[in-house]
Structure formats: structure tokens, C-alpha cells
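Visitor: Heads up: the sequence shown begins at 0 in numbering that gives the first Met the number 0, then just goes up one per residue. The beta carbon of each residue, even a glycine, is placed where N, CA and C say it ideally should be. Keep in mind that this is a model prediction, so the values were computed, not measured. Before I ask anything, let me first share the structure, which is written out below as C-alpha cells.
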Amino acid sequence: MDYAFQYIKNVGGQAQTADYPYTARDGNCKFAQSMAKVNIDGFVDVSKSDCNGLLGAITKQPISVAIAANAIMFYSSGVFANTACGTSLNHGVTAVGYGTDSGQNFYLVRNSWGSGWGEAGYIRMSRDVQKDDGICGICMVASYPNASK
0 MDYAFQYIKN VGGQAQTADY PYTARDGNCK FAQSMAKVNI DGFVDVSKSD CNGLLGAITK
60 QPISVAIAAN AIMFYSSGVF ANTACGTSLN HGVTAVGYGT DSGQNFYLVR NSWGSGWGEA
120 GYIRMSRDVQ KDDGICGICM VASYPNASK
């Protein structure tokens, strides 16, 4: 995600989601020259393997995270707590919040596989297992952009 943030900084911004929504389908790219853009000054890396740092960052804004996604492919609902996913990171997602369901603490994560996957495109990933690296390595590589002023 850091490479993407650096690219956005270098090219002078990115189209807003409302103007150019991600559809998870093949299609033609639109030229976003005339659209309003969001600019960033840079990005901040959350401390590596620091689930407390990730949780603190999520309280302020959505956070880009990498996860080992093989085990979540067939997720449909509930708090995902499968510790067999490991930490071989291979997919970028966005941690957008956190909560508790029936005593299970979770991160709320938005995926890019469309609204037909998981809980309308989201997964609730346990915060109660693999506390060092986080479930599926969610705490290992996290970052967020600094917005331009």
C-alpha cells in the first residue's frame, strides 16, 4: 500500500470514490482529469506487528492492511477466527472499524471482492487470536495516508 500512497502523492492526487467507484468488474478506466481529487502529503506506517497500534489507528480513519487471504476466500458471515491462515501476506484490504459481537472482539475489514462476498463485501476478523501479528497477519503491515492541507 505504501507504493500506492507514494504514487498518489507523486501524480498529484486520486479521484474520489464517489466520482469513480470501484466495481470489482472488468471494464474500461475513465480518465479522471476533470474529477475532484484527493491529495496526500505522504503516509504513515503503523508499528510492525503492533495490534494495539493498529487498533489506535483505526479509531482515527480507515487503515490499509495486508493479510494472508487464502483462508478467507469462502467466508460468509460471523467473526472469522481461523488461525490456520498464517502470515504469508498476499492481499491488501482496508480495516475500517472494530467492535464486539457476543463477546468476540473483531476488526471490521472491507474487501475488494464485491458486495456478494462475505457480509456485503466486509469481514469481521477476530482480535482475540494471534495477538502479536494479528489474525492472518493483519497487524504486520498497516499504513494510512496523510491528507494534504
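#1: Figure out for me which residue from Leu-53, Gly-11, Asn-9 has the closest Cα to the Cα of Ala-141.
#2: Leaving out five residues before and five after Asp-132 in sequence, what residues of the same chain have Cβ atoms less than 7 Å from its Cβ?
#3: If you pair each beta-carbon of the region 113-132 with each one of the region 74-82, do three or more pairs fall below 8 Å?
#4: Is Ser-63 closer than 9 Å to Ala-3 when the C-beta atoms are compared?
#5: Among the candidates Met-0, Pro-144, Ala-65, Arg-109, whose CA atom is the shortest distance from the CA of Leu-88?
#6: Assign Gly-26 to buried or exposed, taking buried as 16 or more other Cβ atoms, counted over all protein chains shown, within 10 Å of its Cβ.
#7: First and last residue of the beta strand (DSSP E) that includes Val-45?
#8: Using beta carbons (cut-off 9 Å, strictly below), is Asp-100 in contact with chain B?
Guide: Let me lay it out:
#1: If we check each option's Cα against that of Ala-141, Leu-53 comes out closest.
#2: The beta carbon of Asp-132 sits closer than 7 Å to those of Ser-48, Thr-86, Cys-138, Met-139, all from its chain and outside the five residues before and after it, given in chain order.
#3: Output reads yes: the region 74-82 touches the region 113-132.
#4: Between Ala-3 and Ser-63, the CB-CB gap stays under 9 Å.
#5: The option with the nearest alpha carbon to Leu-88 is Ala-65.
#6: Label assigned to Gly-26: exposed.
#7: Segment: none, Val-45 is in no beta strand (DSSP E) and carries neither H nor E.
#8: The structure shown contains no chain B; it holds only a single protein chain.
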